Amino acid sequence: MIRYVKLLQVIPATIVSWGIYSGLTAPVVSASELTPQQATVEQHQIPEIDSIKAEDLLMPSETEILLSESWQFTQKIDDPEEIAQVPLLGISGWAIVPKAGTLGIGADVVKGIVPNVNGRVGFSGLGIGVEISSDNIDYDGDVNLGGIPLLVDFHPFFSSFRVTGGLVINNNKIDLDAKGPDPDGTIRIGDRDFQVSDVGDIKGEVEFNDVAPYIGIGFGNPVRLGKSWGFSIDLGVMFQGAGDVSLRATNPSQAGIDAGINAQLEREEEDIQDEVDWIQVYPILQIGVTYQF
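Numbering (our numbering) for the sequence shown: 321 to 613.
In structure tokens, the structure reads:
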């Protein structure tokens, strides 16, 4: 009788456990429904079940998905429907970002390095016309914008927000051409007047540091898990240094003779320097569309 009671206690639990273990739905049989003959089971008829941990039998409430080809991004997703829609294959962790902004028009290539850190390299360029005035002379300026950014993006808490730092190979430059004065008149350079015929045209350049540190913030992670298209924005500053202004008079026969012209051109350079000092910390605003391939 004791043997029957023990079997009555073991068999229902064994049946239910075996159904879970094998992935099948097994009916639950209560002890009261078993006859003594049904409860008499040879030992070899009861399947041996290894110890099973509860967490092995239950689906986790929070699923962690890892990129199949790039180990850099992990993202936790709770909704099973979202899990089913995540494309785990064919995502390389590489992205391209066409962009436009205060450094011109160009594109970046982005690659994930480690979780929540991306590397970025790109190019940009644009030419625009401006007017620059010193105390005495007005200039037509051709502004050549552009650079090659070498940047690292850090995404705190694996979010789309990012903090960016790095270097920019700086191509910013301004070409200057004094607006044509009356050829038969005079032109004031520095604090002296000269005959235009003795000076010719006045041309020059404003050049900045070849390499400029960059810091900024932004939004958008081009290589985010399960994301092909997206939006990107950068806001920051580039420390390109004070512009190096150089001017020259183009009349070789007269400008070379009168050393006073060169001395006054140096004063004119200082005036222009004051006009462009504000862009030694150059503001950066870039907007782009991201595509992960």
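Glycine included, every Cβ here is placed at the ideal spot set by N, Cα and C.
Remember, it's a predicted structure, so these values are computed and weren't measured experimentally.
Pick out whichever of I535, G413, V430 and L567 has its Cα sitting closest to the Cα of P603.
Walking along the sequence shown from the start, residue 603 turns up at place 283. When each option's Cα is compared against that of P603, the closest is I535.
Where are the alpha helix (DSSP H) runs, 4 residues long or more, that stay fully inside the region 460 to 535, in chain order?
516 to 519
Residues that DSSP places opposite R440 in a beta bridge
In the sequence shown, the residue the question calls residue 440 occupies position 120. BP columns for R440 point to V430 and L471.
Would a C-beta distance cut-off of 7 Å place L605 and G461 closer than the cut-off?
Counting from 1 along the sequence shown, the entry for residue 605 is found at position 285. Counting from 1 along the sequence shown, the entry for residue 461 is found at position 141. Going by C-beta atoms, L605 is not nearer than 7 Å to G461.
Expected contact under 8 Å - CB spacing of E589 and L567 to nearest Å:
As a first step, residue 589 must be located in the sequence shown, where it is residue number 269. As a first step, residue 567 must be located in the sequence shown, where it is residue number 247. Rounded, the Cβ-Cβ distance is 5 Å, consistent with contact.
7 Å CB neighbourhood of N571 in its chain, flanking five on each side removed:
One-based indexing of the sequence shown puts residue 571 at position 251. The answer, listed in chain order, is D518, V519 and G520.
Rounded C-beta distance between F539 and V609? I'm assuming under 8 Å.
The count along the sequence shown starts at 1 and reaches residue 539 at position 219. The count along the sequence shown starts at 1 and reaches residue 609 at position 289. That pair is no contact at about 13 Å.
Can you tell me whether DSSP reads I457 as helix, strand or coil?
Reading the sequence shown from its first residue, position 137 is the one you call residue 457. Coil.
DSSP three-state call for V543: helix, strand or coil?
Here residue 543 refers to the residue found at position 223 of the sequence shown. Coil.
Alpha helix (DSSP H) segment containing I581, residue limits
In the sequence shown, the residue the question calls residue 581 occupies position 261. Element bounds for I581: A579 to V596.
Rounded to whole angstroms, what is the Cα-Cα separation between H364 and P435?
Taking the sequence shown and counting its residues from 1, the one referred to as residue 364 is at position 44. Taking the sequence shown and counting its residues from 1, the one referred to as residue 435 is at position 115. With a pLDDT of 48 at H364, under the threshold of 50, the modelled position of this residue cannot be trusted; read the value that follows with caution. When rounded, the distance between both Cα atoms is 52 Å.
Where Q606 sits in the DSSP three-state scheme
By 1-based counting over the sequence shown, the position of residue 606 is 286. DSSP places Q606 in strand when its eight states are reduced to three.
Could you pull out every residue in the same chain whose Cβ sits closer than 8 Å to the Cβ of S454, ignoring the five residues on either side in sequence?
To locate residue 454, count along the sequence shown from 1; it is residue 134. The residues are E588, D591, I592 and E595.
Would you call the CB atoms of T484 and L471 closer than 7 Å?
Taking the first residue of the sequence shown as 1, we reach residue 484 at position 164. Taking the first residue of the sequence shown as 1, we reach residue 471 at position 151. For T484 and L471, yes; Cβs fall inside 7 Å.
Using beta-carbon positions only, say whether I457 and A415 come within less than 7 Å of one another.
Reading the sequence shown from its first residue, position 137 is the one you call residue 457. Reading the sequence shown from its first residue, position 95 is the one you call residue 415. Against a cut-off of 7 Å, the Cβ pair of A415 and I457 comes out as no contact.
Using alpha carbons as the reference points, say which of W598, Q560, L585 and G439 lies closest to N491.
Taking the sequence shown and counting its residues from 1, the one referred to as residue 491 is at position 171. Ranking W598, Q560, L585 and G439 by Cα distance to N491 puts Q560 first.
Would you call the region 497 to 516 in contact with the region 474 to 482, where contact means no fewer than 3 C-beta pairs closer than 8 Å?
no
So I553 and I607 are supposed to be a Cβ contact under 8 Å. How far apart are they, rounded?
Counting from 1 along the sequence shown, the entry for residue 553 is found at position 233. Counting from 1 along the sequence shown, the entry for residue 607 is found at position 287. Right, their Cβ atoms sit about 5 Å apart.
Beta bridge counterpart(s) of A569 as assigned by DSSP
Here the question's residue 569 lines up with position 249 in the sequence shown. Bridge partners of A569: I522.
Where A583 falls, given that 16 or more other Cβ within 10 Å makes a residue buried
By 1-based counting over the sequence shown, the position of residue 583 is 263. Under this definition A583 is an exposed residue.
So which of V463, K431, Y611 and V531 has the shortest CA-CA distance to G486?
Looking up residue 486 in the sequence shown gives position 166. Residue V531 is the option with its Cα nearest to G486.
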